[in-house]
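Asker: In our numbering, the protein residues as written are 1 to 274.
We treat Cβ as the ideally placed atom computed from N, Cα and C, and that holds for glycine.
Below are the structure tokens for one structure; questions will follow.
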Ligand SMILES: C[S@@+](CC[C@H](N)C(=O)[O-])C[C@H]1O[C@@H](n2cnc3c(N)ncnc32)[C@H](O)[C@@H]1O
């Protein structure tokens, strides 16, 4: 048996394990909402306490992370139908496996993450071909815009599980800086309300990541749209919108799904830069 890889990452970077574990676990269930064999394969190579991570994520955490990936996949596939030679940029890529679920054979893919997270990605998931480029930088180092280059064939930016870890002023600075420079690009990211932050933060801490704090809480996308005349709302998706609670096995999860929808605890914002 090959030896498993130990992980040593910074306090926010190590949170990349949570969506990976969720996608891998869901894939093993009968009728999964997301099928991600690459995530399952990857997780097998890592020396991590899966039981502890899963216990604390709980069923609603697993479903929420998979629902987020599912909705982002749908948006990316739609984008690729209109822009088959477009570019997809995954910010805070971690060990995200979107490329393996959505690639159309012609698009160009960019995965950006902090140097230590990206080094782990490179070790476990080396770029599969020359259409995939890895960028080891902070998203706040805006030189990545030059790395992406020409976006006349379209650019879709996906930022799953990243912005809630930043303070609102940093998110504002980030979006208002890139919006006028990337006109025409679409982007999608997940957000948590102030109330939802409390619950999700508790799960992250219970999973052993005591130093990773959620910072940005928001409910109304108009707040973001008002930050810049270059930001337009395409749509919002409420967590679990369109999903039956039948996807959950436990009553507490079913209740949690309803509660989540009712209170807009977690949503996806789909924006366009104009
Ligand atoms: C919860 S993980 C999400 C990983 C991945 N997006 C997914 O859904 O599987 C958060 C990711 O954000 C990355 N990150 C944190 N700060 C960042 C920054 N300033 N620039 C780029 N990535 C960052 C971390 O390294 C980590 O990979």
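Would you kindly report the start and end of the unbroken beta strand (DSSP E) that includes residue 238?
Answerer: 231–238
Asker: Taking 9 angstroms as the cut-off, decide whether the C-beta atoms of residue 138 and residue 114 are in contact.
Answerer: yes
Asker: CB of residue 32 to nearest heavy atom of ligand 1: below 8 angstroms?
Answerer: no
Asker: Cβ of residue 100 within 8 angstroms of any heavy atom in ligand 1?
Answerer: no
Asker: If we ignore side chains and look at the alpha-carbon of each, how far apart do residue 96 and residue 229 end up?
Answerer: Approximately 31 angstroms, taken between the alpha carbons.
Asker: Measure the beta-carbon distance from residue 151 to residue 226 and round it to whole angstroms, keeping in mind my assumption that it falls under 8 angstroms.
Answerer: Contact flag wrong, Cβ pair sits at about 25 angstroms.
Asker: Output the distance between the C-alpha atoms of residue 272 and residue 82, rounded to the nearest integer angstrom.
Answerer: 15 angstroms
Asker: Between the Cα of residue 4 and the Cα atoms of 26, 13, 44, which residue gives the shortest distance?
Answerer: 44
Asker: Helix or strand or just coil, what does DSSP make of residue 29?
Answerer: coil
Asker: Using the DSSP secondary-structure output, state which residues sit across from residue 111 in a beta bridge.
Answerer: 90, 134
Asker: Are at least three pairs of beta-carbons, each pair with one atom in the segment 184–202 and one in the segment 212–223, less than 8 angstroms apart?
Answerer: yes
Asker: What first and last residue would you give for the beta strand (DSSP E) that runs through residue 158?
Answerer: 155–159 is the span of the beta strand (DSSP E), which, as asked, contains residue 158.
Asker: Among the candidates 38, 85, 201, 79, whose CA atom is the shortest distance from the CA of residue 153?
Answerer: 85
Asker: Is the distance from the Cβ of residue 164 to the Cβ of residue 200 below 9 angstroms?
Answerer: yes
Asker: The alpha helix (DSSP H) with residue 218 in it runs from where to where?
Answerer: Per DSSP, residue 218 belongs to no alpha helix (DSSP H) and is neither H nor E.
Asker: Confirm, please, whether the CB-CB distance from residue 186 to residue 156 is below 9 angstroms.
Answerer: yes
Asker: Here's the rule I'm using: 16 or more other beta-carbon atoms within 10 Å means buried, otherwise exposed. How should residue 270 be labelled?
Answerer: buried
Asker: Is it the case that the CB of residue 275 approaches a heavy atom of ligand 1 more closely than 8 angstroms?
Answerer: For residue 275 there is no data in the structure shown, the boundaries of the chain being 1 and 274.
Asker: Check whether the Cβ of residue 192 sits closer than 8 angstroms to any heavy atom of ligand 1, and report yes or no.
Answerer: no
Asker: Contact check, residue 203 vs residue 57 under 8 angstroms by CB: the rounded distance?
Answerer: About 6 angstroms separates the CB atoms of residue 203 and residue 57; that is less than 8 angstroms, so the two are in contact.
Asker: According to DSSP, is residue 142 part of a helix, a strand, or is it coil?
Answerer: Here residue 142 carries a coil assignment [DSSP, helix/strand/coil].
Asker: So what does DSSP say about residue 79, is it helix, strand or coil?
Answerer: helix
Asker: Can you pull the DSSP bridge partners for residue 186?
Answerer: Under the DSSP definition of a beta bridge, residue 186 partners with 156, 272.
Asker: Rounded to whole angstroms, what is the Cα-Cα separation between residue 144 and residue 110?
Answerer: Roughly 10 angstroms separates the two Cα atoms.
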